[in-house]
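A short worksheet on the structure shown next.
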Amino acid sequence: MSTWRNWSGAVTCRPHGIERPADEDGVRAAIAAAHERGGVVRPVGAGHSFTPLCATGDTLLSLDRLAGVHDIDGTRVRVGAGTRLGTLNEALAERGLAMANLGDIDVQAIAGAVATGTHGTGAGFGNLATQVAGMRLVTADGESLWCDRDENPEIFHTGRIHLGALGVVTELALDCVPAYRLRYRGERARLDETLARLDEFNANHRNFEFYWFPHTATVQRKFLDATDEPATGGQWRRRLQDLVVENGAFWLLSEAVRRLPGADRPVARLAAATVPTHRQIRPAHEIYATKRLVRFNECEYNLPAAALPEALKALAAMIERKRIRVHFPVECRFAAADDIPLSPAHGRASAYIAVHMYKGMDHAAYFREAEAIFDDFDGRPHWGKMHAKTAHDFARLYPEWPRFLDLRQRLDPDGLFLNEHLRTLF
Numbered sequence: 250m251s252t253w254r255n256w257s258g259a260v261t262c263r264p265h266g267i268e269r270p271a272d273e274d275g276v277r278a279a280i281a282a283a284h285e286r287g288g289v290v291r292p293v294g295a296g297h298s299f300t301p302l303c304a305t306g307d308t309l310l311s312l313d314r315l316a317g318v319h320d321i322d323g324t325r326v327r328v329g330a331g332t333r334l335g336t337l338n339e340a341l342a343e344r345g346l347a348m349a350n351l352g353d354i355d356v357q358a359i360a361g362a363v364a365t366g367t368h369g370t371g372a373g374f375g376n377l378a379t380q381v382a383g384m385r386l387v388t389a390d391g392e393s394l395w396c397d398r399d400e401n402p403e404i405f406h407t408g409r410i411h412l413g414a415l416g417v418v419t420e421l422a423l424d425c426v427p428a429y430r431l432r433y434r435g436e437r438a439r440l441d442e443t444l445a446r447l448d449e450f451n452a453n454h455r456n457f458e459f460y461w462f463p464h465t466a467t468v469q470r471k472f473l474d475a476t477d478e479p480a481t482g483g484q485w486r487r488r489l490q491d492l493v494v495e496n497g498a499f500w501l502l503s504e505a506v507r508r509l510p511g512a513d514r515p516v517a518r519l520a521a522a523t524v525p526t527h528r529q530i531r532p533a534h535e536i537y538a539t540k541r542l543v544r545f546n547e548c549e550y551n552l553p554a555a556a557l558p559e560a561l562k563a564l565a566a567m568i569e570r571k572r573i574r575v576h577f578p579v580e581c582r583f584a585a586a587d588d589i590p591l592s593p594a595h596g597r598a599s600a601y602i603a604v605h606m607y608k609g610m611d612h613a614a615y616f617r618e619a620e621a622i623f624d625d626f627d628g629r630p631h632w633g634k635m636h637a638k639t640a641h642d643f644a645r646l647y648p649e650w651p652r653f654l655d656l657r658q659r660l661d662p663d664g665l666f667l668n669e670h671l672r673t674l675f
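Quick note, my numbering runs 249 ahead of the 1-based positions in the sequence shown.
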């Protein structure tokens with residue numbers, strides 16, 4: 250048996266077998282074999298979730314070969330579930346199209362990113378699942394269902410964010426937009442001034458986010474706006490910045506913090522003091538995505554947008570009070586409300602706040618204390634990021650929680666798609 254690991258290395262498992270079907274017949278065969286022996290099937294994409302969503306000692310079903318653009322009708326595009334976001338972005342750009350909004354990592358498989366509620370930033374944009382117009386689902390009994398607003402609408406509405414607990418998604422239809430360019434502006438600023446102007450920044454910019462550096466009063470602000478201006482040069486400079494400064498140098502500093510207790514404060518202050526002022530114009534997908542070569546673990550929560558300032562102040566006070574050794578910046582992003590039952594942004598304009606800890610450093614106390622703060626603000630965890638919530642918590646946090654449970658029970662009454670982690674959730 251081979252060992253499977255997620256991106257951060259925090260989740261490992263030794264599956265009985267790893268199936269790599271090239272079509273739906275292969276998916277059905279893997280499901281039927283597991284069903285016959287009373288086993289478990291867990292679909293897996295790029296393994297970029299920090300929670301053990303995919304971990305199993307039974308059948309791990311890779312989506313890698315279910316990839317590629319299948320059909321384009323205007324701005325609606327059908328793609329294989331295992332298509333990596335970076336590959337999809339390039340394919341769309343070649344056809345004059347783009348995703349309406351994206352996160353800052355493009356290595357995930359599209360199906361996994363959608364199923365876990367992956368998001369970018371921008372108060373006018375929902376998570377990736379809100380860009381889905383339809384999906385093809387292979388259920389526990391081997392049936393293939395096309396689900397959209399007209400065909401199997403209940404499965405479509407309820408199941409766009411599904412954690413792989415309803416079946417195996419093999420294809421997605423995405424509502425894309427004509428390709429566009431973004432003007433990026435990054436700058437260093439004060440935390441207090443930034444928090445006082447959140448409404449202004451979200452109203453006046455297409456996409457806005459900021460990173461707060463612990464042990465400092467400094468943030469890095471990032472603004473993105475659509476533009477018809479021509480793309481700027483210097484792309485190689487950005488790549489050099491990504492690889493050498495934001496990855497290479499930060500890795501060396503992170504290793505110093507891991508090995509030398511007490512180095513977290515000077516490293517965080519150095520990082521804050523060296524935030525660059527940077528501007529560029531590029532195709533949207535080139536602006537959204539950044540390299541993430543320094544490995545870490547992450548806990549991220551969705552809060553009502555208005556709660557972010559007080560939550561971040563409470564987090565800063567806790568880090569000092571508890572003497573948490575952390576140098577990774579805290580990431581703050583924004584999203585529109587949606588109506589997807591398992592979406593963390595369900596029913597509310599949202600802010601996301603993410604805390605990180607360098608791989609190899611103890612994250613348990615930091616994440617536990619952060620979660621306690623987020624709980625005070627009606628926080629909902631990102632499904633793919635570390636958290637300690639169980640079914641009892643989710644029944645309180647999600648108004649339509651029973652609706653999803655009913656659908657899950659109907660589609661998979663024997664729990665074929667439930668591993669140990671999902672059983673604690675459902």
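Glycine residues also receive a C-beta, built at the ideal position from the N, C-alpha and C atoms.
Please classify residue i as buried or exposed, where buried requires at least 16 other C-beta atoms within 10 Å of its C-beta.
i, result
"residue 261", "exposed"
"residue 546", "buried"
"residue 453", "exposed"
"residue 661", "buried"
"residue 509", "exposed"
"residue 634", "buried"
"residue 297", "buried"
"residue 383", "buried"
"residue 258", "exposed"
"residue 600", "buried"
"residue 534", "buried"
Whole angstroms is fine: what's the gap from residue i's alpha carbon to residue j's?
i, j, result
"residue 356", "residue 409", "20 Å"
"residue 369", "residue 376", "7 Å"
"residue 657", "residue 393", "16 Å"
"residue 654", "residue 499", "43 Å"
"residue 406", "residue 650", "13 Å"
"residue 667", "residue 265", "15 Å"
"residue 252", "residue 311", "14 Å"
"residue 504", "residue 511", "12 Å"
"residue 308", "residue 540", "31 Å"
"residue 274", "residue 674", "30 Å"
"residue 314", "residue 507", "38 Å"
"residue 419", "residue 332", "10 Å"
"residue 582", "residue 286", "44 Å"
"residue 532", "residue 572", "42 Å"
"residue 270", "residue 330", "12 Å"
"residue 482", "residue 268", "44 Å"
"residue 255", "residue 610", "17 Å"
"residue 301", "residue 479", "43 Å"
Could you spell out where the beta strand (DSSP E) holding residue i opens and where it closes?
i, result
"residue 397", "393-397"
"residue 606", "599-607"
"residue 527", "527-532"
"residue 516", "Not the beta strand (DSSP E): residue 516 falls in the alpha helix (DSSP H), residues 513-522."
"residue 558", "From DSSP, residue 558 is part of no beta strand (DSSP E) but of the alpha helix (DSSP H) over 557-570."
"residue 553", "545-553"
"residue 461", "456-461"
"residue 321", "318-322"
"residue 382", "381-387"
Among the residues of its own chain, which have a CB less than 6 Å from the CB of residue i, if the five just before and after it don't count?
i, result
"residue 404", "396"
"residue 379", "587"
"residue 671", "414"
"residue 464", "514 and 517"
"residue 538", "355"
Spatial neighbours of residue i within its chain, please: C-beta separation below 7 Å, excluding the five flanking residues on both sides.
i, result
"residue 443", "459, 468 and 470"
"residue 606", "545, 546, 575, 577, 612 and 615"
"residue 619", "548, 564 and 604"
"residue 318", "326, 328 and 340"
"residue 592", "366, 376, 378 and 410"
"residue 277", "387 and 391"
"residue 374", "349, 350, 584 and 585"
"residue 638", "630"
Could you pull the start and end residues of the alpha helix (DSSP H) that residue i belongs to?
i, result
"residue 333", "First-last for residue 333: undefined, no H or E at that position."
"residue 444", "440-445"
"residue 284", "273-285"
"residue 269", "It is not in any alpha helix (DSSP H) - residue 269 carries neither H nor E in the DSSP assignment."
"residue 506", "499-508"
Considering only residues of the same chain and omitting the five flanking positions on each side of residue i, which have a CB-CB separation below 8 Å?
i, result
"residue 665", "280, 283, 284, 288, 289, 290 and 389"
"residue 346", "321, 324, 326, 425, 426, 427 and 428"
"residue 439", "466, 467 and 468"
Sufficient close CB pairs (3 or more, under 8 Å) joining the stretch 555-575 to the stretch 624-635: yes
Cβ pair count under 8 Å reaching 3, the stretch 514-528 against the stretch 425-436: The stretch 514-528 makes contact with the stretch 425-436; the number of CB pairs closer than 8 Å reaches 3 or more.
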